[in-house]
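In the order they appear, the protein sequences are chains A and S. The numbering used here numbers the first residue of the first sequence as 24 and each following residue consecutively. The numbering used here numbers the first residue of the second sequence as 24 and each following residue consecutively. Have a look at the structure below, then the notes.
There are 2 protein chains.
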Amino acid sequence: MGSAPTSPSTFDLQPATDLKWDEHGLITAVVQDAQTAQVLMVAWMNAEALRLTLATGETHFWSRSRSELWHKGATSGNTQRVTGVWVDCDGDTLLVQVEPAGPACHTGAVSCFFRRLDEPWSE
Amino acid sequence: MGSAPTSPSTFDLQPATDLKWDEHGLITAVVQDAQTAQVLMVAWMNAEALRLTLATGETHFWSRSRSELWHKGATSGNTQRVTGVWVDCDGDTLLVQVEPAGPACHTGAVSCFFRRLDEPWSE
């Protein structure tokens, strides 16, 4: 409060923004690589995770399985530097564009979406 | 049921796929433009919406506000032809890549993510 911003990757929340949190106080966050446009992962943020994400310029989420705040990369080193945060038309989903320091997925894959669900029929 | 596939954009569900549906029987679906890689929208699917998406090759969702199945573009004409469906590492989110016939957003915007939430501090 009153302290100068310490990093150019630090953001202010637009005061007029209306966000719709779900019944658990969470909002869906899609994380996209800012350079390649690859969708890296989907996670959830509560208000504190969003505040920390905007304040530090690195992604923070709410872990639904562990019920705790999670600074992405805190243990793995695979942090994600935020370059932009967008909200959708009805205010219930965020798109977070990042420059990742390493793989997004705990498996070591660049993206968590490495399995194809569908298989086109061969005719 | 023995009938021949009618379209090359029709898919079979991989039988081994394990999907995790939430307590409402829904799964989050991120829709991405297959050509531009732009994230267009996020919506929810129940099992029937996913089945119809795979069977018809056009996106179907579950509308949480209207509590009904929703064939994207049925009224607007802005259908989305599916080119690939991916599931994330923990099986609770889908990435649906599409060729859109028109804007994804009901506002007429190409993508529902047209509002920036953050504003980089000027130093």
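Don't be surprised by glycine CBs; every beta carbon is placed ideally from N, CA and C.
The beta carbon of A66(A) lies closer than 6 Å to those of A52, F84 in the same chain, with the five residues before and after it left out. DSSP lists W93(A) as the beta-bridge partner residues of F84(A). Beyond the five residues adjoining it in sequence on each side, A72(A) comes within less than 7 Å, by CB distance, of H83, F84, W85, L92 in the same chain, given in chain order. At least one beta carbon of chain S lies nearer than 7 Å to the beta carbon of T130(A).
Within the DSSP bridge table, the entry for E46(A) names no partner. With contacts defined by Cβ atoms closer than 7 Å, T106(A) and Q120(A) form a contacting pair.
Put simply, the CB of F84(A) is far from chain S, with every gap to its CB atoms at 7 Å or more. For T79(A), the secondary structure class from DSSP, reduced to helix, strand or coil, is helix.
In the displayed model, A52(A) falls within a strand according to three-state DSSP. The secondary-structure analysis by DSSP pairs G107(A) across a beta bridge with Q120(A).
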